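In this note's numbering, the protein residues as written are 162 to 270. Glycine is no exception: its CB is placed at the ideal position from the N, C-alpha and C atoms. Every value quoted in this text rests on a predicted model; they were computed, and no experiment measured them. The structure appears right after this line, and notes come after that.
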Amino acid sequence: MERAHLVYSTFPDAETALAVGEALVRARLAACVNVIPGMASVYAWKGAVERGEEVVAILKSRSGLRAALADALKQRHPYETPIILHLDVAEADPGTLAWILAETGAAPG
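Structure, rendered in C-alpha cells:
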C-alpha cells in the first residue's frame with residue numbers, strides 16, 4: 162500500500178520555492194508544497210562556513226513518487242546541490258492519505 166511521503170528542501174527565496182512547488186503540484190508529483198519563509202541558515206559549503214537567508218519547502222507526496230519527485234525537484238532547483246531529504250511517514254490520517262493519493266494520481270488502498 163502507498164504511504165504518504167514528505168520531502169524537505171530549502172530555497173533561496175519564497176518566490177522560487179512557490180514557482181517550483183506549483184510546477185510539481187501541476188505535474189501531480191506533489192499534492193501540496195508548504196513554503197515557510199524567514200529561515201536563517203549556517204552551513205558548510207566548499208570549505209567555508211556560510212550564513213544566509215532561506216525558505217523551507219515541505220512537499221507532500223506518496224512513497225511511489227519518491228524518485229520521480231526528487232528528479233523533478235533537482236531539475237527545477239536553482240542550487241548546485243539542492244537539499245532533498247526524504248522523510249518517511251509512519252502513518253497518516255486516512256482522509257489526508259486519500260487526498261494525497263488522489264492528487265498525485267494513485268488509487269486509494
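Item, Value
"Taking its Cβ as the centre, do 16 or more other Cβ atoms sit within 10 Å of Leu248, making it buried, or is it exposed?", "exposed"
"Does the region 249-258 touch the region 196-211, meaning 3 or more C-beta pairs lie closer than 8 Å?", "no"
"Going by the beta-carbon positions, is the gap between Leu226 and Leu190 smaller than 7 Å?", "yes"
"With Glu211 as the anchor, note down where its beta strand (DSSP E) starts and where it stops.", "209-223"
"Per DSSP, Met162 forms a beta bridge with which residues?", "According to DSSP, which records beta bridges pairwise, Met162 is partnered with nothing at all."
"Can you give me the C-alpha to C-alpha distance between Asp254 and Val181, rounded to a whole angstrom?", "27 Å"
"Would you decide whether Thr265 is buried or exposed? Buried here means 16 or more other CB atoms lie within 10 Å of its CB.", "buried"
"If I measure Cβ to Cβ from Lys235 and keep anything under 8 Å in the same chain, skipping five residues before and after, which residues do I get?", "Pro243, Ile245"
"Got a sec? Which residues, its chain only, sit under 6 Å from Gly270 by beta carbon, not counting five neighbours each side?", "Any answer about Gly270 is weak, because its pLDDT of 48 lies below 50 and its placement is not dependable; what the coordinates show is given next. Here the set comprises nothing."
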